[in-house]
Amino acid sequence: MYTIAVINQKGGVGKTVTSVNLATALKHKGHDPLVIDYDPQMNATDWLMGREATDDDATIFDALATWDGDATDEWSFANVLRTSESVGIDFIPSDRRMAAASFDSVIGRSPVFPQQFRCRVQEFRTAEVQRNSSSTMKHDYCLVDCPPSLGRSIATALAGADGIIVPIHADQFSMRGVSQLQDTIKQIRKVHNDSLRILGLLPNDLDLRSGLVSDMQEKFEDVYSDILFETAIPWRSKVNEVATHGTNIMEYDGAADAASYYLNLADEVVERSRVATAA
């Protein structure tokens with residue numbers, strides 16, 4: 004299972020939309036993705052659950068806060084995941100306790116939650132292989148929808164991830180943000196996860212009629228050509244409708260054009276993850 008953290012310290016760039024729509028595109032192409040909602044805002048949870056979460060729902064917080072090394076305990080990933088009836092993919096919900104969780108320092112010593120997340124991912128991989136009685140796993144991709152932050156909590160996702168997708172807008176704020184993010188990744192690689200890499204920067208929600216957007220796209224291509232996805236997601240009203248109604252973009256009436264971009268992105272993600280795994 005290749006684990007991808009979808010991150011950006013800036014809010015409103017489309018992390019949740021990217022996570023869920025990419026997962027549905029991967030599913031459409033025959034893969035079996037898992038989405039983990041790591042954001043206490045719970046947008047992916049609301050989308051995939053189809054209702055407001057309650058205190059009785061098991062979440063990613065429960066899985067992390069109770070980890071004791073037992074892969075079969077009631078809070079293991081296998082026991083807290085559920086299947087979205089509206090979208091048809093497996094997911095692990097978040098809850099608002101993630102915002103108040105006590106994270107140790109990211110840099111300089113081993114934080115508790117990053118250790119637990121990494122171990123939960125590893126035990127989930129092992130358990131799936133054992134259940135399938137083969138060398139393969141049921142879920143081949145895991146997309147972690149992260150909060151808009153580069154603070155301590157983000158280390159939990161990066162410590163257990165294989166790759167990173169960074170949704171960006173075509174503006175100067177995103178240009179500066181990528182540079183800051185690269186510094187954070189270097190620190191995480193040094194202390195917690197030396198195999199972590201940026202899978203790609205994803206231009207998202209683009210107004211292709213704007214000359215400024217075209218100019219910024221060229222700047223990104225000049226500076227970040229080695230990590231920029233070829234796929235760029237233009238603004239489409241159907242993308243917003245799919246998220247609002249909590250449904251599957253591959254099945255939503257009139258969304259075929261919007262869905263095609265995520266299908267192209269899925270192809271790129273599969274190819275880049277295979278190259279990264281083989282390296």
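Residue 282 is where the sequence shown ends in this note's numbering, and the numbering goes up by one at each step.
Virtual Cβ for every residue (Gly too), placed ideally from N, Cα, C.
Note that the coordinates shown come from a computational prediction; the quantities given were computed from them, not determined experimentally.
#### Entry: the stretch 34 to 45 / the stretch 220 to 227 touching (three or more Cβ pairs under 8 Å)
no
### Task
Going by CA-CA distance only, name the one from P237, M101, G203, I188 that's closest to R212.
Along the sequence shown, read from residue 1 onward, the residue named residue 212 stands at position 209. For the residues P237, M101, G203, I188, the minimum Cα distance to R212 belongs to P237.
### Query
Do P170 and G17 have their C-beta atoms closer together than 8 Å?
Numbered from 1 along the sequence shown, position 167 holds the residue referred to as residue 170. Numbered from 1 along the sequence shown, position 14 holds the residue referred to as residue 17. The answer is yes: Cβ separation under 8 Å.
### Proximal residues to Q220 (C-beta, below 8 Å), its chain only, five neighbours per side dropped
If you number the sequence shown from 1, residue 220 lands on position 217. Taken in chain order, the residues that qualify are A173, P206, L209, A235.
### Query
Can you tell me the Cα-Cα spacing of K193 and Y5, whole angstroms?
On the sequence shown, residue 193 is found 190 positions in, with the first residue counted as 1. On the sequence shown, residue 5 is found 2 positions in, with the first residue counted as 1. Computed Cα separation, rounded: 20 Å.
### Task
Could you say if the stretch 179 to 186 and the stretch 37 to 50 meet the contact criterion of at least three C-beta pairs nearer than 8 Å?
Cβ pair count under 8 Å is below three, so no.
### Where the beta strand (DSSP E) through V9 begins and ends
Translated into the one-based positions of the sequence shown, residue 9 becomes position 6. Segment 5 to 9, the beta strand (DSSP E) holding V9.
### Task
Jot down the residue ranges of each uninterrupted alpha helix (DSSP H) in the stretch 193 to 274, minimum 4 residues, whole runs only, in chain order.
214 to 227, 240 to 248
### Task
Compare the beta carbon distance of D165 and A81 with 8 Å and say whether it is the shorter of the two.
Along the sequence shown, one-based indexing puts residue 165 at 162. Along the sequence shown, one-based indexing puts residue 81 at 78. Result no, Cβ atoms of D165 and A81 do not sit closer than 8 Å.
### Exposure label - T247; buried when at least 16 CB within 10 Å
On the sequence shown, position 244 is the one that residue 247 refers to. Exposed is the label assigned to T247, since fewer than 16 other Cβ atoms lie within 10 Å of its Cβ.
### Task
In angstroms with no decimal places, state the Cα-to-Cα distance between L67 and R123.
Against the sequence shown, residue 67 aligns to sequence position 64. Against the sequence shown, residue 123 aligns to sequence position 120. Going by the C-alpha atoms only, they are around 8 Å apart.
### Query
Buried or exposed: which applies to Q175, given that a residue is buried once 16 or more other Cβ atoms fall within 10 Å of its Cβ?
For the purposes of this step, residue 175 is taken as the residue at position 172 of the sequence shown. Q175 is exposed by the Cβ-count criterion.
#### Entry: Enclosing alpha helix (DSSP H) for V16 [first to last residue]
The count along the sequence shown starts at 1 and reaches residue 16 at position 13. First-last for V16: undefined, no H or E at that position.
#### Entry: Helix, strand or coil at V169 according to DSSP, with G and I counted as helix
Within the sequence shown, the letter at position 166 stands for residue 169. For V169, the secondary structure class from DSSP, reduced to helix, strand or coil, is strand.
### Task
With a threshold of 16 other CB atoms inside 10 Å of the CB of D260, please say whether the residue is buried or exposed.
On the sequence shown, residue 260 is found 257 positions in, with the first residue counted as 1. With fewer than 16 other Cβ atoms within 10 Å, it is exposed.
#### Entry: Best match in G257, N11, R275, G249 for proximity to E88 [C-alpha to C-alpha]
Position 85 of the sequence shown, counting from 1, holds the residue named residue 88. Looking at the Cα atoms, G249 is the closest of the given residues.
### Task
Take E233 as the anchor and find which of L84, Y264, V216, R100 has the nearest alpha-carbon.
The count along the sequence shown starts at 1 and reaches residue 233 at position 230. Among L84, Y264, V216, R100, the Cα nearest to that of E233 is on Y264.
### Task
Enumerate in chain order the residues of its own chain whose CB-to-CB distance from V147 is below 6 Å, with the five nearest sequence positions on each side excluded.
As a first step, residue 147 must be located in the sequence shown, where it is residue number 144. Within the same chain, V147 has close Cβ partners A8, I39, Y41, A160.
### Task
Check the C-beta distance from R275 over to G203 and give it rounded, since I have them as a contact under 8 Å.
As a first step, residue 275 is located in the sequence shown; it is residue number 272 there, counting from the start. As a first step, residue 203 is located in the sequence shown; it is residue number 200 there, counting from the start. Going by Cβ atoms, the distance from R275 to G203 rounds to 6 Å, so yes, they are a contact pair.
### Query
Taking M101 as the reference, which of S156, L25, D218, H195 has the closest Cα?
If you number the sequence shown from 1, residue 101 lands on position 98. Closest by alpha carbon: S156.
### Query
Where does L67 sit, in a helix, a strand or coil, going by DSSP?
One-based indexing of the sequence shown puts residue 67 at position 64. The answer is helix: DSSP assigns L67 an H, G or I state.
### Task
Let me know if N243 comes out buried or exposed under the rule of 16 or more other beta-carbons within 10 Å of its beta-carbon.
Here the question's residue 243 lines up with position 240 in the sequence shown. Classification for N243: exposed.
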